[in-house]
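Quick note, the sequence shown lines up with residues 18 to 195 if you use this note's numbering. Even for Gly, the Cβ is constructed at its ideal location relative to N, Cα and C. Quantities reported herein were computed from a predicted structural model and do not represent experimental measurements.
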Amino acid sequence: MTSLYNAFGGKRQIFRSALDRYSEQRTRRCLDEIEHLASPADRIRTFVARVIEAALDDPDRMGCLVINTAVELGPHDEEISEIVADHLAEVEAFFRRNFAAAQKAGDADPNISPEDAGRSFSALMFGLRVLARTRPERKMMEGAARPLLALLREGDRVSADHATIQNAAPENTHAGRC
Numbered sequence: 018m019t020s021l022y023n024a025f026g027g028k029r030q031i032f033r034s035a036l037d038r039y040s041e042q043r044t045r046r047c048l049d050e051i052e053h054l055a056s057p058a059d060r061i062r063t064f065v066a067r068v069i070e071a072a073l074d075d076p077d078r079m080g081c082l083v084i085n086t087a088v089e090l091g092p093h094d095e096e097i098s099e100i101v102a103d104h105l106a107e108v109e110a111f112f113r114r115n116f117a118a119a120q121k122a123g124d125a126d127p128n129i130s131p132e133d134a135g136r137s138f139s140a141l142m143f144g145l146r147v148l149a150r151t152r153p154e155r156k157m158m159e160g161a162a163r164p165l166l167a168l169l170r171e172g173d174r175v176s177a178d179h180a181t182i183q184n185a186a187p188e189n190t191h192a193g194r195c
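Shown next, in the form of structure tokens:
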């Protein structure tokens, strides 16, 4: 164990490194994959669906390391709180950017600011991750997502039904987990 601490500088640095790697391997990789989808509205739907599927495919209810860290350590540790805040800001920026692009394409409610949509979708993601630890039920999670997904459109119809959420999920939920 001493050589591990020497390599990283201590237990705290090991945890910081693990948190950074987790964020890189999970969220950034997932967002990079999703950014290649043609439709900004589909990017948002897909991210929401992937988070729901990952939560439902977590039988031990371990949840997300970043969100668990935010809840457990964030209020008491300024340095860790900043790391978590950077991660959360990245997710919010994804939603804000894609909601604005969906509005330009006519696929999102024009009466909602991209900033508010970014914050709301981010809060949904973090709430889903916490909910996954206590009530990982599809009906509950999709019900929580449905009102925000109703801000997105598919052609002339709102896209917030169960089939739309299901269709946005990847066939292999382990690939591109968020």
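Assigned exposure category for residue i - 16 Cβ within 10 Å defines buried
{"i": "Asp37", "result": "exposed"}
{"i": "Asp133", "result": "exposed"}
{"i": "Ser139", "result": "buried"}
{"i": "Gly123", "result": "exposed"}
{"i": "Ala24", "result": "exposed"}
{"i": "Glu99", "result": "exposed"}
{"i": "Met142", "result": "buried"}
Proximity winner among the options, relative to residue i (alpha-carbon distances)
{"i": "Pro131", "options": "Lys121, Cys195, Leu73, Arg113", "result": "Arg113"}
{"i": "Gly2", "options": "Arg60, Thr86, Glu50", "result": "The structure shown has nothing for residue 2, since the chain only spans 18 to 195."}
{"i": "Arg155", "options": "Leu73, Glu50, Phe64", "result": "Leu73"}
First and last residue of the uninterrupted alpha helix (DSSP H) at residue i
{"i": "Asn128", "result": "Neither: Asn128 is in no alpha helix (DSSP H) and is coded neither H nor E."}
{"i": "Pro164", "result": "155-166"}
{"i": "Leu90", "result": "Taken as a continuous stretch (DSSP letters only), Leu90 belongs to no alpha helix (DSSP H), as it is neither H nor E."}
Spatial distance of residue i from residue j (CA atoms)
{"i": "His104", "j": "Arg150", "result": "20 Å"}
{"i": "Ser40", "j": "Ala71", "result": "15 Å"}
{"i": "Glu95", "j": "Ser137", "result": "24 Å"}
{"i": "Thr190", "j": "Leu54", "result": "With a pLDDT of only 43 at Thr190, under the threshold of 50, the placement of this residue in the model should not be trusted; the figure read from the coordinates follows. Cα to Cα, Thr190 sits roughly 17 Å from Leu54."}
{"i": "Val108", "j": "Ser20", "result": "35 Å"}
{"i": "Arg174", "j": "Thr44", "result": "Summary for Arg174: the model assigns pLDDT 46, below 50, so the residue's position carries little reliability, and this model does not support an answer."}
Residue i - DSSP class collapsed to helix/strand/coil
{"i": "Arg113", "result": "helix"}
{"i": "Leu141", "result": "helix"}
{"i": "Leu54", "result": "coil"}
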